Structures are given as C-alpha cells and as structure tokens.
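44 is the number that this note's numbering gives to position 44 of the sequence shown; each next residue is one higher, with no gaps. Virtual Cβ for every residue (Gly too), placed ideally from N, Cα, C. Computed from a prediction, not measured in an experiment: that's the story for all the values here. Scroll down for the structure; my scribbles are underneath it.
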Amino acid sequence: MGTLTKAGIVDYIYERTDKNRAEIKDLVESILEIMKTAVKKDHALLISGFGKFEAYDKRARKGRNPQTTQTITLPPRKVVVFRLSRKFRAELNR
1 MGTLTKAGIV
11 DYIYERTDKN
21 RAEIKDLVES
31 ILEIMKTAVK
41 KDHALLISGF
51 GKFEAYDKRA
61 RKGRNPQTTQ
71 TITLPPRKVV
81 VFRLSRKFRA
91 ELNR
C-alpha cells in the first residue's frame, strides 16, 4: 500500500460525489489552507475523533555534522507534532 497524496484524496472524493475534479481540488486546498493557518496562528488544530496537531518552539541545540564530526549549533525552529485521539488509537489497535 502506498502513501495517500493530495491527488489521491481528490480522486477518492471525486469517485464518491457528482462534483468535478476542479471543485474538489479547490475544496481540498481550502481545507488544507485552513488547517495550516490554524496551526500557524493558534499553534494547535484539534479534529475530534482523529487527533491534534500542535506546533511548538524548539530551542537552539548542539548537533554534529556526520560527515566531518564537527560540532555545530542548530538554530531554534518550530516543529509540528500529531497526537492521535483516544478513539482513533483504539481503532488502530484492535
């Protein structure tokens, strides 16, 4: 089984509705844009029954260049984590 892509989502919805592909693509793009905006603005996005996306700041830290073994400082950055809802976790682990 392969990875589900944005095009795969559009195809999946297209096969189950009477909308055209362009409308569905625009809808999927809009949903993803809403999700990205929520994570950027609120640092969290909760989808009931699915899970929660959370953004948080990582501090600068020391790292190592594996090619030269030279110690470097990695800059601070934002990361996003996803946590499954209990309901979805239970469905996965039957």
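Quiz prompt | Cβ shell of Phe50 (< 7 Å), same chain only, five flanking positions each side left out | solution = Within the sequence shown, numbered from 1, the residue matching residue 50 stands at position 50. Excluding residues within five positions, the ones whose Cβ falls inside 7 Å are Ser85 and Phe88.
Practice problem: Report yes or no: do three or more beta-carbon pairs, one from the region 36 to 53 and one from the region 14 to 21, lie closer than 8 Å? | Solution: no
Quiz prompt | CB-CB length for Leu45 against Ala38, believed under 8 Å | solution = The residue given as residue 45 occupies position 45 in the sequence shown. The residue given as residue 38 occupies position 38 in the sequence shown. The pair is a contact, with the Cβ atoms about 4 Å apart (cut-off 8 Å).
Quiz prompt | Which of helix, strand or coil DSSP assigns to Ala60 | solution = Here residue 60 corresponds to residue number 60 of the sequence shown, with the count starting at 1. Coil at Ala60, not helix or strand.
Practice problem: Please name the residue, chosen from Lys58, Thr3, Asn93 and Asn65, that lies closest to Pro76 on a Cα-to-Cα basis. | Solution: On the sequence shown, position 76 is the one that residue 76 refers to. Nearest of Lys58, Thr3, Asn93 and Asn65 to Pro76, Cα basis: Lys58.
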